[in-house]
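> Residues 115 to 249 in the numbering used here are what the sequence shown lists, from first letter to last.
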Amino acid sequence: MSDIQISVDKGKLELSLFLLRLGVFIVMFAWTLDKFIDPAHAARVYENFYFIGGMGATIMQIIGAIEIIIILAFLAGRWKRYTYGFVLIVHGVSTLSAWERYTIDISLLFFAAWPMLAACVALYLLREQDVKFTI
C-alpha cells in the first residue's frame, strides 16, 4: 500500500495539536487536583470505577504528586512517547471503566470522555508533529 500525502498547513496543525494538548491537560489537571483537595472523593472513584479499595489520603496524594509531574511534562511536550502514552492509557482506562454509565445507569456527562479519548489518540499518533509551545 502506498502512503497518501495530504497537504496540511503546518501552522494550523501545530496550533490544533497544542490546543488539544492544552484541553486534555486541563481535564487531567482537574482530576489530579481532586486527589489533593478531596482525597476521600478520589478514593471513592478508585473504589467504584477501578475496584481498588482502601486508598487513604496519603496514597491518593502520592498518586496525585506522580500524576502532576507527568501531566506537567505532557503539557510541556516532554518525553512524548511516555507522557502522551501515560495520558492515553489513564484516560482510556477511565473511559472504559465507566461502561455502566454508557449502558445501564446512563449519564450523558460521561459521554464527554469519548471525544477526549479521541483527542488523546490523535495526540499520541501525531506526537512528533506536536511542537508548538513545547520545551
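We put the CB at the ideal spot given by N, CA and C, even for glycine.
Can V201 and E128 be called in contact, C-beta distance under 8 Å?
Cβ atoms of V201 and E128: not closer than 8 Å.
> Using 8 Å as the threshold, is the C-beta distance between G170 and A157 below it?
The answer is yes: Cβ separation under 8 Å.
> Helix or strand or just coil, what does DSSP make of K194?
It is helical.
> Within 10 Å of its beta-carbon, does G225 have 16 or more other beta-carbons around it, so buried, or fewer, so exposed?
At residue 225 the sequence reads Phe, which differs from the Gly that was named. Looking at its Cβ environment, which holds fewer than 16 other Cβ atoms inside 10 Å, F225 is exposed.
> Closer than 6 Å by C-beta to P229: which residues in its own chain qualify, once you throw out the five before and the five after it? Chain order, please.
For P229, where only same-chain residues beyond five positions count, there are no Cβ hits under 6 Å.
> Among the candidates Y198, M174, H205, whose CA atom is the shortest distance from the CA of L237?
The shortest Cα separation from L237 among Y198, M174, H205 belongs to Y198.
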